[in-house]
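J.: Counting from 1 along the sequence shown, just add 86 to a position and that's the residue number in my numbering.
Ideal placement from N, C-alpha and C gives every residue a C-beta, glycine not left out.
Quick caveat, the model's predicted, so the values are computed rather than measured.
The structure that follows is given in the form of structure tokens.
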Amino acid sequence: MKPYYIIFSDLDGTLLDHETYKHAEATEAMDLVKEREIPLILCSSKTRAEIEECRKTLALRDPFISENGAAIFFKKGSLDVMDVPFVEYGGYGVIELGIPYSTIKSCFAEIKAETHLQLLGFSEMSLAQVVEHTGLTVKEAELARARDYSEPFLFMEQQTSLKRLKKSACRKGLNITRGGRFYHLTGDNDKGKAVSILKKLYEQKARPLISIGLGDSLNDFPMLENVEMPVLVKKKTGKYEPWTGRKEILYAPDIGPKGWNRAVLDILRHRRTAV
């Protein structure tokens, strides 16, 4: 039986260039994915509003995962979710795994007060500061600030203080993970949990299902642990995030969208390792 593929992909630094946020170098593989009608699930720390804009640019209609696995958005009626609790929002069905942003912000303030560490959260930044730290346009920065479930923040301390920060978050039932630019304070959610749910929903539609995952940062590791073919993409430095997962990992042979392109073409055409 012909395998049915599904692709889960991070955005910044993976499908999108870390600096320009463009995907041009991944065009060939994107065209093949669309030609074969392979679902491409964007799985990012970005907000719903940001990912919606990306989906328009990439001409995608598949479900997507926002804010490090905090929510799964899908077109109502496109998936059989009879056994999975969901809410309806703006034409979407939404499986919520995270906790409200208002709670996250309150906890962030408490953590700062408890630890006395130098942290700067998104909610504390002006629009100009968000633009400065991300390289986004003003319009894009506004979309990035439209958060529902997580607080990105700058950690302006020695790495030795990170353990103390994580302990404080853990006592509140929260997680801290690191992305390409920021640390993120979230609920007890991650990309892997969201990917696992979506995989099960797609398995109801088609078998055998072969899932591919592509990411470049630490916050992508839970996603990569929950797919059959995990691919680590080179960071802008030309190096890989040190892999600490249990699965055997494939390494994309290049940086960002160029590496994404080569890895996806290699897998779909030859079913062999990316390098």
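1) DSSP on Val217, reduced to helix/strand/coil?
2) Just the C-alpha distance for Thr323 and Gly99, rounded to the nearest angstrom, thanks.
3) Quick one: Cα of Glu210 to Cα of Ala255, how far?
4) Rounded to whole angstroms, what's the CA-CA distance from Gly163 to Lys279? Just pull it up for me.
5) In the region 224 to 272, which residue ranges form an unbroken beta strand (DSSP E) of at least 3 residues, counting only runs that do not cross its ends?
6) State the Cα-Cα distance for the pair Lys249 and Gly273, rounded to the nearest angstrom.
7) Gly299 by DSSP, collapsed to three states: which one?
8) Using only CA atoms, which one of Gly177, Ile283, His202, Ile190 lies nearest to Leu260?
9) Count the other CB atoms within 10 Å of the CB of Val224; is the residue buried (16 or more) or exposed (fewer)?
10) With a floor of 3 residues, list each beta strand (DSSP E) that falls wholly inside the region 312 to 338, ordered by position along the chain.
11) Using a Cβ-Cβ cut-off of 7 Å (strictly less than) and excluding sequence neighbours within five positions of Thr359, which residues of its own chain qualify?
12) Of the choices Gln290, Asp276, Leu213, Gly266, whose alpha-carbon is the least far from that of Tyr107?
13) Need the endpoints of the alpha helix (DSSP H) that Tyr288 sits in, please.
14) Closer than 8 Å by C-beta to Phe194: which residues in its own chain qualify, once you throw out the five before and the five after it? Chain order, please.
15) How close, in whole Å, do the beta carbons of Ser131 and Asn154 come, if the pair is a contact with beta carbons under 8 Å?
16) Between the beta-carbon of Thr201 and the beta-carbon of Ser247, is there less than 9 Å?
17) Note down, in chain order, each residue of its chain lying with its Cβ closer than 8 Å to the Cβ of Glu311, except the 5 sequence neighbours on either side.
18) Could you tell me the distance, in whole angstroms, from the CA atom of Asp103 to the CA atom of Asp166?
19) On the criterion of 16 or more Cβ atoms from any shown chain inside 10 Å, does Gly299 qualify as buried, or is it exposed?
20) Less than 9 Å separating the beta-carbons of Met116 and Leu128?
21) Can you list, in chain order, the residues of its chain whose CB lies under 7 Å from that of Phe268, leaving out five sequence neighbours each side?
22) Is the distance from the Cβ of Lys258 to the Cβ of Glu196 below 9 Å?
23) Taking the alpha-carbon positions, what's the Glu174 to Ala156 distance?
24) Do Ala135 and Ala232 count as a contact pair if the criterion is CB distance below 9 Å?
25) Rounded to whole angstroms, how far is the Cβ of Ala349 from the Cβ of Val313, which I believe are closer than 8 Å?
26) Just to confirm, is the Cβ distance from Asp276 to Pro308 under 9 Å?
27) Pull up the distance between the alpha-carbon of Ser282 and that of Gln244, whole angstroms please.
28) By DSSP, does Asp169 sit in helix, in strand, or in coil?
29) Looking at Arg355 and Leu101, is the spacing between their C-beta atoms short of 9 Å?
T.: With the given structure in hand:
1) Here residue 217 corresponds to residue number 131 of the sequence shown, with the count starting at 1. In this structure, Val217 counts as helix in the three-state DSSP scheme.
2) Sequence index remark: in the sequence shown, residue 323 carries index 237 (1-based). Sequence index remark: in the sequence shown, residue 99 carries index 13 (1-based). Approximately 11 Å between the Cα atoms of the pair.
3) Indexing the sequence shown from 1 puts residue 210 at position 124. Indexing the sequence shown from 1 puts residue 255 at position 169. Here the C-alpha atom of Glu210 lies approximately 18 Å from the C-alpha atom of Ala255.
4) Residue 163 sits at position 77 when you count from the first residue of the sequence shown. Residue 279 sits at position 193 when you count from the first residue of the sequence shown. Just so you know, the alpha carbons of Gly163 and Lys279 end up roughly 22 Å apart.
5) Complete beta strand (DSSP E) runs here, min 3: 237 to 241, 261 to 264, 269 to 272.
6) As a working mapping, residue 249 is identified with position 163 in the sequence shown. As a working mapping, residue 273 is identified with position 187 in the sequence shown. Rounded to whole angstroms, Lys249 to Gly273 spans 17 Å at the Cα level.
7) As a first step, residue 299 must be located in the sequence shown, where it is residue number 213. DSSP places Gly299 within a strand segment (E or B) once states are collapsed to three.
8) Mapped onto the sequence shown, residue 260 falls at position 174. When each option's Cα is compared against that of Leu260, the closest is Ile190.
9) Taking the first residue of the sequence shown as 1, we reach residue 224 at position 138. Val224 is exposed by the Cβ-count criterion.
10) When DSSP assignments are scanned along the region 312 to 338, the uninterrupted stretches of beta strand (DSSP E) that are 3 or more residues long and fall wholly within it turn out to be 315 to 320.
11) Translated into the one-based positions of the sequence shown, residue 359 becomes position 273. Residue confidence for Thr359 is low, a pLDDT of 48 falling below 50, so the modelled location carries little weight; the figure read from the coordinates is stated next. The answer, listed in chain order, is Leu336.
12) Position 21 of the sequence shown holds residue 107. Minimum Cα distance to Tyr107 is reached at Gly266.
13) For the purposes of this step, residue 288 is identified with residue 202 of the sequence shown, where counting begins at 1. Residues 277 to 289.
14) By 1-based counting over the sequence shown, the position of residue 194 is 108. Leu205, Gly207, Ser209, Glu237, Phe239, Leu271, listed in sequence order.
15) The sequence position of residue 131 within the sequence shown is 45, counting from 1. The sequence position of residue 154 within the sequence shown is 68, counting from 1. About 5 Å separates the two Cβ atoms, so the contact holds.
16) Locating residue 201 in the sequence shown gives position 115, where the first residue counts as 1. Locating residue 247 in the sequence shown gives position 161, where the first residue counts as 1. Contact flag set, yes.
17) Position 225 of the sequence shown, counting from 1, holds the residue named residue 311. So the qualifying residues of the chain are Gly278, Gly331, Arg332, Lys333.
18) Sequence index remark: in the sequence shown, residue 103 carries index 17 (1-based). Sequence index remark: in the sequence shown, residue 166 carries index 80 (1-based). Distance between the alpha carbons of Asp103 and Asp166: 34 Å.
19) Residue mapping note: residue 299 aligns to position 213 of the sequence shown, counting from 1. Classification of Gly299: buried, given that the 10 Å Cβ count is 16 or more.
20) One-based indexing of the sequence shown puts residue 116 at position 30. One-based indexing of the sequence shown puts residue 128 at position 42. Not a contact, by the Cβ cut-off of 9 Å.
21) Working through the sequence shown from its first residue, we reach residue 268 at position 182. Hits under 7 Å: Pro238, Phe239, Leu240.
22) Taking the first residue of the sequence shown as position 1, residue 258 is located at position 172. Taking the first residue of the sequence shown as position 1, residue 196 is located at position 110. Yes, Cβ-Cβ distance for Lys258 and Glu196 is below 9 Å.
23) Position 88 of the sequence shown, counting from 1, holds the residue named residue 174. Position 70 of the sequence shown, counting from 1, holds the residue named residue 156. Straight-line measurement puts the Cα of Ala156 at about 15 Å from the Cα of Glu174.
24) The sequence position of residue 232 within the sequence shown is 146, counting from 1. The sequence position of residue 135 within the sequence shown is 49, counting from 1. Cβ atoms of Ala232 and Ala135: closer than 9 Å.
25) Position 263 of the sequence shown, counted from the start, is the residue given in the question as residue 349. Position 227 of the sequence shown, counted from the start, is the residue given in the question as residue 313. No, Ala349 and Val313 are not in contact; Cβ-Cβ is about 13 Å, not under 8 Å.
26) Taking the first residue of the sequence shown as position 1, residue 276 is located at position 190. Taking the first residue of the sequence shown as position 1, residue 308 is located at position 222. Yes, they are a contact pair.
27) The residue given as residue 282 occupies position 196 in the sequence shown. The residue given as residue 244 occupies position 158 in the sequence shown. The alpha-carbon atoms of Ser282 and Gln244 are separated by roughly 34 Å.
28) Indexing the sequence shown from 1 puts residue 169 at position 83. In the three-state reduction of the DSSP assignment, Asp169 falls in the coil class, being assigned neither a helical nor a strand state.
29) Taking the first residue of the sequence shown as 1, we reach residue 101 at position 15. Taking the first residue of the sequence shown as 1, we reach residue 355 at position 269. Cβ atoms of Leu101 and Arg355: not closer than 9 Å.
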